[in-house]
Every structure is written in structure tokens, then in C-alpha cells.
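First up is the structure itself, then whatever we jot down about it.
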Amino acid sequence: MGCDGGTIPKRHELVKGPKKVEKVDKDAELVAQWNYCTLSQEILRRPIVACELGRLYNKDAVIEFLLDKSSEKALGKAASHIKSIKNVTELKLSDNPAWEGDKGNTKGDKHDDLQRARFICPVVGLEMNGRHRFCFLRCCGCVFSERALKEIKAEVCHTCGAAFQEDDVIVLNGTKEDVDVLKTRMEERRLRAKLEKKPQGHQKLRQGSLKKPALILERRKPTWLPKAQVGPVVATGSCFEKAGNPGGRVQVSLKWVDGKPKPVLCHVSRECTELSLGG
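The sequence shown begins at 1 in full-length UniProt numbering and counts up by one.
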């Protein structure tokens, strides 16, 4: 039972107990969420966009994802809800003056300062590092801390003055409960937009179907036939008989206006023997 040298093993070395659950480093998780693209896992670079669930992406990574038509997309589940570039909003972020980033050494030993946040809230100055809740507005893309929106209640954006509603506020990197709420809003919003498009399509079809008969009527407008030699017309009761047309007869429909007949439709017919009037 012993090892070489007469050592005696201990109980925990012989008996295997339950595996310990590895704890996730919260600081490392926050750094990954707020400094790296959810899709490409590369560090966030402008232009930065956010989806309707509050996740951060590099815009070029989203465009490459949408252009990729292969059946197997890398990390496709993270962006499976993004069907178009319209499903993301480009963010207007405020730089943190205290963040040095890769400005320190010019000899090539540059590094990204991940301890300090790159961006801050333009209203209250909180750093966007995950320790404070941040959100953005879908209507304009401006980013604020949740504290700023609660302390300074307004119906317009604090930066650009654009009007917004409660549905336009998207929490960035929210909790699971926040994501569930945002997902429900997203589905309702897309369903509403889909239903609004259908009546417009039917209306266009109806308008098109109404225009077609009008074009046909315009083409069928009565026109005089200058080549037909129309002789003198004599009124006999409700009909006009034409004389001097050896090739046939002319049928004319007339409309009485101010006591005077005006032709509405005329055509040459070899079979007709008199001129009909539409009184």
C-alpha cells in the first residue's frame, strides 16, 4: 500500500470523491463580456453594434456572419437571432479619458488596459466595465448607465434629444431574466412589423387591380375614324340613318348634353344598317 521509501498514502489519495465544480472567475467573465466580440471573440473595435438581446459585436464580424452561407457557422448560436443588419444597432459610445489602452509604449510592447473601462456614461461618468448596469436606445444608439436613466427621467435622449419609449431601452449584457424579457419583446416587435407589412401589400395589389381597368378604358376610348367616309345623317325617331356609305354603316352612340348630341363611341360595321343612338 505504500510508495517507495516507506511512505503511507492518505485517504484522499486513494478514495475519489465528487468532483469540485469549477468556479467561474467573475472578473474574467466581465472582461470577456464587455471587451470582446460575442461572435468572433476578438477585442471590440469601432464600429461596435449591439443586438436586440443586449450583446456586443464588432460590426464587421456581423457582416461576415450574414454573408457566410455555409451550413456550419462558427458560434452561430450566439447570433442565430440576427437575420439582417437591421437587427443590430450601431452604438454611440463615450470614451473614457482615463483609459490609456495601447498608447503607453511606442516600442512595440503595447497592451490593452482591461482593468479600466474604455467607455463611460456621458451623464454620470460611471465606467462601462460590468459593475454597473448599462443600456442603449434602439432609436438612436446612445449608451447610458441605468442609473442615469432612473435619476434623470425624460422621454428624450440625454445626448441627441431623440424621443424614445420604454420598448426602445435595451439592457447591455443583462442577466438571464433580462435576456428573457428582451427576447419576448423582440419576438413581439418582429411579429407586429410582419403584420403591418401584409395590409400594405394587399393594398398595393388592390390599387394595381384598380388601375388596370382604367388603363383598359383609356385604350378603349371612342375615337373618330377619319378614313371612313361618313355621309349626311338623317334623324328618324330614335335612330339616324346614314346615306352615301357604300362600304357599310356607322353605328354611333350619342350622349345628349345641353340639348345637343355628342358622340361617345363609333365604329364601322358592314352588317349594321342604321346608326344607333344612346340617348
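Idealized CB from N, CA, C, for every residue including glycine.
For N58, the first and last residue of its enclosing alpha helix (DSSP H): Taking the first residue of the sequence shown as 1, we reach residue 58 at position 58. Per DSSP, N58 belongs to no alpha helix (DSSP H); it is in the beta strand (DSSP E), L56 to N58.
CB contact flag (F136, L91, <8 angstroms): As a working mapping, residue 136 is identified with position 136 in the sequence shown. As a working mapping, residue 91 is identified with position 91 in the sequence shown. A contact, by the Cβ cut-off of 8 angstroms.
Segment contact, 8 angstroms Cβ cut-off, at least three pairs: the segment 77-95 with the segment 132-150: yes
is_contact[V88, chain C] using C-beta, thresh 8 angstroms: The structure shown contains no chain C, having only a single protein chain.
The beta strand (DSSP E) enclosing E90, as first and last residue numbers: For this step, residue 90 is matched to residue 90 along the sequence shown. It spans V88 to E90 - the beta strand (DSSP E) in which E90 sits, taken as one unbroken run.
First and last residue of the uninterrupted beta strand (DSSP E) at L14: Taking the sequence shown and counting its residues from 1, one reaches residue 14 at position 14. First-last for L14: R11 to L14, but that is the alpha helix (DSSP H), not the beta strand (DSSP E).
Identity of the residue in G161, F134 and N87 nearest E146 by Cα: Taking the sequence shown and counting its residues from 1, the one referred to as residue 146 is at position 146. When only C-alpha atoms are compared, the closest one is F134.
Counterpart residues of S145 in DSSP-defined beta bridges: Here the question's residue 145 lines up with position 145 in the sequence shown. DSSP output for S145 lists F134 as bridge partner(s).
Range of the contiguous beta strand (DSSP E) that encloses V171: Residue mapping note: residue 171 aligns to position 171 of the sequence shown, counting from 1. First-last of the beta strand (DSSP E) with V171: V169 to V171.
Contact under 8 angstroms by Cβ, G54 with L182: Within the sequence shown, the letter at position 54 stands for residue 54. Within the sequence shown, the letter at position 182 stands for residue 182. Their beta carbons are under 8 angstroms apart, which means G54 touches L182 by this criterion.
Buried versus exposed, by CB contacts within 10 Å (16 or more), G17: Taking the first residue of the sequence shown as 1, we reach residue 17 at position 17. Under this definition G17 is an exposed residue.
Other residues of its chain near T223: CB distance less than 6 angstroms, five sequence neighbours each side excluded: For the purposes of this step, residue 223 is taken as the residue at position 223 of the sequence shown. Annotation note: pLDDT 49 at T223 (below 50); position unreliable, no value reported.
Pairwise C-alpha distance: D168 and E188: Along the sequence shown, read from residue 1 onward, the residue named residue 188 stands at position 188. Along the sequence shown, read from residue 1 onward, the residue named residue 168 stands at position 168. Approximately 13 angstroms, taken between the alpha carbons.
Extent of the continuous beta strand (DSSP E) to which A98 belongs: Sequence index remark: in the sequence shown, residue 98 carries index 98 (1-based). First-last for A98: undefined, no H or E at that position.
First through last residue of the alpha helix (DSSP H) which encompasses V124: Reading the sequence shown from its first residue, position 124 is the one you call residue 124. No alpha helix (DSSP H) holds V124; DSSP gives it neither H nor E.
Candidates E42, Q33, S70 and L14: closest to D60 by CA position: Residue 60 sits at position 60 when you count from the first residue of the sequence shown. Closest by alpha carbon: E42.
Exposed unless 16 or more other CB atoms sit within 10 angstroms - verdict on residue 284: As displayed, the chain neither begins before 1 nor continues past 279, which places residue 284 out of reach and without an answer.
Three-state secondary structure (DSSP) of I8: Walking along the sequence shown from the start, residue 8 turns up at place 8. Residue state, collapsed to three classes: coil.
E127 versus E64, K197 and W34, residue with shortest Cα-Cα distance: Within the sequence shown, residue 127 is the residue found at index 127, counting from 1. Here the closest residue by C-alpha is W34.
Residue of K153, K83 and R131 minimising C-alpha distance to D27: Residue 27 sits at position 27 when you count from the first residue of the sequence shown. Closest by alpha carbon: R131.
Anticipated Cβ contact below 8 angstroms, A78 with L39, distance rounded: Working through the sequence shown from its first residue, we reach residue 78 at position 78. Working through the sequence shown from its first residue, we reach residue 39 at position 39. Yes, they are in contact, since the Cβ atoms of A78 and L39 sit about 6 angstroms apart, within 8 angstroms.
Residues sharing a beta bridge with K198, DSSP: Against the sequence shown, residue 198 aligns to sequence position 198. DSSP, once it has assigned bridges, lists no residue as partnering K198.
Helix, strand or coil at K26 according to DSSP, with G and I counted as helix: What you label residue 26 is simply residue 26 of the sequence shown in a count that begins at 1. Looking at K26 - three-state DSSP - the assignment turns out to be helix.
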